[in-house]
Amino acid sequence: PGASEEVAPPIQQCFMIPKKEINVVSDMAKWKRSQAYADYMGFILTLNEGVRGKKLTCEYKVSEVGEELPSPLQEAEALSVCSLDGELSKLQPIEKLVALLNTLDRWIDETPPVDQPSRFGNKAFRTWYAKLDQEAEKLVATVIPKHLADAAPEVAVYLKESVGNSTRIDYGTGHEAAFAAFLCCLCKIGVLRVDDQMAIVFKVFNRYLEVMRKLQKTYRMEPAGSQGVWGLDDFQFLPFIWGSSQLIDHPSLEPRHFVDEKVVNENHKDFMFLECILFITEMKTGPFAEHSNQLWNISAVPSWSKVNQGLIRMYKAECLEKFPVIQHFKFGSLLPIQPVTS
Numbered sequence: 001p002g003a004s005e006e007v008a009p010p011i012q013q014c015f016m017i018p019k020k021e022i023n024v025v026s027d028m029a030k031w032k033r034s035q036a037y038a039d040y041m042g043f044i045l046t047l048n049e050g051v052r053g054k055k056l057t058c059e060y061k062v063s064e065v066g067e068e069l070p071s072p073l074q075e076a077e078a079l080s081v082c083s084l085d086g087e088l089s090k091l092q093p094i095e096k097l098v099a100l101l102n103t104l105d106r107w108i109d110e111t112p113p114v115d116q117p118s119r120f121g122n123k124a125f126r127t128w129y130a131k132l133d134q135e136a137e138k139l140v141a142t143v144i145p146k147h148l149a150d151a152a153p154e155v156a157v158y159l160k161e162s163v164g165n166s167t168r169i170d171y172g173t174g175h176e177a178a179f180a181a182f183l184c185c186l187c188k189i190g191v192l193r194v195d196d197q198m199a200i201v202f203k204v205f206n207r208y209l210e211v212m213r214k215l216q217k218t219y220r221m222e223p224a225g226s227q228g229v230w231g232l233d234d235f236q237f238l239p240f241i242w243g244s245s246q247l248i249d250h251p252s253l254e255p256r257h258f259v260d261e262k263v264v265n266e267n268h269k270d271f272m273f274l275e276c277i278l279f280i281t282e283m284k285t286g287p288f289a290e291h292s293n294q295l296w297n298i299s300a301v302p303s304w305s306k307v308n309q310g311l312i313r314m315y316k317a318e319c320l321e322k323f324p325v326i327q328h329f330k331f332g333s334l335l336p337i338q339p340v341t342s
């Protein structure tokens, strides 16, 4: 079946507020068999293929809704040069999502950290979060067309879950997964298209990462369930997967190069993986091999495709199959806990 078939929702969709379903360790089997797991992982892998060998700065076509395969001339016109006024342009939801993330960013500026005795977990994060909690449905409604307005409460839950925990003032891969789930839901209701893969990762997810880094820095958020030096990274995982895919078959950059400061400084704007490395080196002191042992080991892998395959395996094992992460995941009509039907 064609790639776009599975994203058209049934017309009479009954939306619902997603809720937790994984309450004890033995529920994990239910998660691995679920439609949600299959759809989530399928989404991650589709995006992984979509960005393969592509730079963050590359131009990509975002065609108009209802266009069949455009002619080369139309294709040249449709190249995303961000000066989009076309009403029908499929980039519109992408631009709206970026605008939504810009709003979250602006709220950080409007909510400076407070003076408090402990260095970590600045309580101003709770003020920032309360604003998102209050406005999330309205924000999501700006991205969703009127006829799908009923989906906003369901989809908004994933947005609220994607920015960290306001009680613990921490952030980790479970929150990152909620943002990927948010994007997956938008694909399922047809707001985003599967063929907008590059825009989803390079524009929306990358902007999300920038905002999360700003949150982590501004409010000194704690890593959620971090494995210390044995984890890949304190906060993120997906940009390493998609970032390694971007570098597959690169003519000169090999995995051994990402521990070289000069290479990172010269290329980070083009590659998500290097942007992650740059952020780590800004946030941590001391030898790279000591504070980021797992990544140091990965730099010894001979090729980016091996790195990419290994990271996908590691993501499943270290994030998606870990109860402390998945117990917080929420299931609804778009990401159902029911077992895969096919």
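With this note's numbering applied, the sequence shown corresponds to residues 1 to 342, in that order.
Quick reminder that beta carbons are idealized off the backbone N, C-alpha and C, glycines included.
With distances taken from CA atoms, which of the options is nearest residue i?
i	options	result
T281	V264, L104, D270	V264
P113	L320, V25, V259, Y219	Y219
A149	T127, Y171, T173, V191	V191
K201	Q35, G243, Q338, I189	Sequence check: residue 201 is Val here, not Lys. Among Q35, G243, Q338, I189, the Cα nearest to that of V201 belongs to G243.
G50	P251, I22, D195, V211	D195
L335	V163, A177, E137, R119	A177
L47	P287, A224, A152, V204	V204
F331	G225, V140, A36	A36
P239	E290, L186, R52	R52
C276	F235, Q309, T285	F235
L159	E137, T167, R168	E137
Y208	F258, I298, G286, D105	D105
K19	K269, G164, E154	E154
E161	A317, V307, Q309, I17	I17
S252	V211, L215, W304, H291	W304
L56	V98, D249, S118, N267	N267
Q134	Q338, R168, A156	A156
L274	K322, I241, T285	I241
C14	Q246, E261, A152, N206	A152
By the three-class DSSP mapping on this structure, what secondary structure does residue i have?
i	result
E222	strand
D150	helix
F258	helix
N122	coil
K330	strand
N23	coil
P145	coil
Y171	strand
S34	strand
P239	helix
Can you give me the C-alpha to C-alpha distance between residue i and residue j, rounded to a whole angstrom?
i	j	result
V325	R213	20 angstroms
M272	E254	14 angstroms
V143	P93	6 angstroms
Q327	M314	19 angstroms
L45	K131	33 angstroms
F329	G174	7 angstroms
L139	L100	6 angstroms
K96	P145	11 angstroms
E110	D170	20 angstroms
A29	L311	22 angstroms
A289	H147	52 angstroms
Quick one: does residue i have its CB under 9 angstroms from some CB of chain D?
i	result
K138	The structure shown has no chain D; it contains just one protein chain.
Check your understanding: Is the region 33 to 44 close to the region 176 to 191, with three or more CB pairs under 8 angstroms?
Key -> As far as the Cβ criterion goes, the region 33 to 44 touches the region 176 to 191, which means the pair count is three or higher.
**Study point:** Length at least 4, wholly inside the region 250 to 316: the alpha helix (DSSP H) runs in chain order
**Key:** If we require 4 residues or more, the alpha helix (DSSP H) runs fully inside the region 250 to 316 come out as 261 to 267, 272 to 283, 288 to 291, 293 to 298, 304 to 315.
Practice item. Would you list, in sequence order, the uninterrupted alpha helix (DSSP H) runs of no fewer than 4 residues that lie entirely inside the region 93 to 142? Key: Counting whole runs of 4 or more residues, the region 93 to 142 contains the alpha helix (DSSP H) stretches 124 to 141.
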